[in-house]
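Position 112 (the sequence shown) corresponds to 1040 in our numbering; numbering is contiguous. A virtual CB, placed ideally from N, CA and C, is assigned to each residue, including glycine. Owing to the predicted nature of the structure, the values given are computational and were not obtained by experimental measurement. See structure below.
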Amino acid sequence: HLYNISPRKSSDRKSSLCSDLPDSLQSSIEEIGRDVVEALKDGNKRLKIDYDTSLGDETYEPLQRAFPIVKALLPLVVPNLETKEGGNFCLYLPDEGSAAMLRRDWKLGSEDSPLPKNVVTCGLKRTSLAESDVGCMVLCPRSSELDDFLRILEELENTDKFIILFNPELVDIMTTGYGLAGRRIRDLIQTNFVSLYCLKTLPWGALSKRYGKPFSLWVEDEASEKGYRLLKNLDNKPAFDEMNEIYLEETGQASQENNPYSFLNGVADFIRDFGRL
């Protein structure tokens, strides 16, 4: 039997403890895996993951950078899901071409694949999930895929299937902007999805979030044993301007336009780990 998912929110069990920063890329993936399984068992069926994969590169391609993270994550999650016979975990990609490429590169369904046999990939325009499917992950959906994402969301309404959003970019300031349409999309995500995990690098620190814990804002601190210290815990994800205001209030310093990923390099060699994936 699939998870009997109830409307209970993660805020029901929110801890006052902070969301610590991971020691490495691998430890962050393991954290996400544990949090996903725990959140599903707690009855949450709409989860959102925001994971900074830019490495400080403004020209990076979000989808390509997400592939190695998801490839390492799914073996930690899918085997822990209760599924019906023949039930699949569907990984939605923006188009069927990307889905076919991953099926080939990851050798899905074969003995040589590093992923469980019930992981399948498909384009967002695919029809409904099968009745036996356990749930899905939508990988890096963009504003151009908004209608298809909303269709999938509607199809899953009143079912026991779950959906995980990984690095959504559904609001495009060049199209929907920050007007009414953009606010409606943000409100839809904020009110319908549990913010499961967040790791965002900043020029002077980082923002982190674990399941059941608040958002924690960290600043680089050479005097600290770990090289960083906690600035503030927040119940909701702060905007960039709000984070800079907190930084100014707590440190008396203006934000520096440094390489945003240099902070995590001081915590752990994330770039090296990405290369190994």
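- Counted as a single uninterrupted DSSP element, the beta strand (DSSP E) harbouring Asn1161 occupies residues Tyr1156 to Leu1162.
- CA-to-CA, the gap between Lys1165 and Gln1181 works out to about 22 angstroms.
- Put simply, the segment 993 to 1013 does not touch the segment 1155 to 1173. Fewer than three CB pairs are less than 8 angstroms apart.
- One thing to note: Tyr1125 has its Cβ within 8 angstroms of the Cβ of Ile977.
- The beta carbon of Ile1091 is closer than 8 angstroms to those of Lys973, Arg974, Leu975, Gly1063, Cys1064, Met1065, Val1066, Ile1080, Leu1081 and Leu1084 in its chain, skipping five residues each way along the sequence.
- Residue environment analysis places Gly1140 among the buried positions, since at least 16 neighbouring C-beta atoms fall within 10 angstroms of its C-beta.
- Residue pairing by DSSP places Cys1064 opposite Cys1018 and Ile1091 in a beta bridge.
- Assigned with DSSP and collapsed to three states, Arg1070 falls in strand.
- Counting along the chain, Glu1170 sits inside the alpha helix (DSSP H) bounded by residues Phe1168 to Thr1179.
- If you keep only unbroken beta strand (DSSP E) runs of at least 3 residues inside the segment 955 to 994, you get 974 to 979.
- Under the DSSP definition of a beta bridge, Tyr1125 partners with Ile977.
- Non-local C-beta neighbours of Glu1073 in its own chain, meaning closer than 6 angstroms and more than five positions away in sequence, comprise Pro1022 and Leu1052, ordered along the chain.
- Beyond the five residues adjoining it in sequence on each side, Ala994 comes within less than 7 angstroms, by CB distance, of Thr981, Leu1067, Cys1068, Phe1094 and Asn1095 in the same chain, given in chain order.
- The distance from the Cβ of Leu1135 to that of Met1171 is about 7 angstroms, consistent with a contact at the 8 angstroms cut-off.
- Judged by DSSP in its simplified three-state form, Gly1051 adopts strand.
- In the displayed model, Lys1137 falls within a strand according to three-state DSSP.
- In the DSSP assignment, Phe1143 is bridged to Lys1137 and Leu1162.
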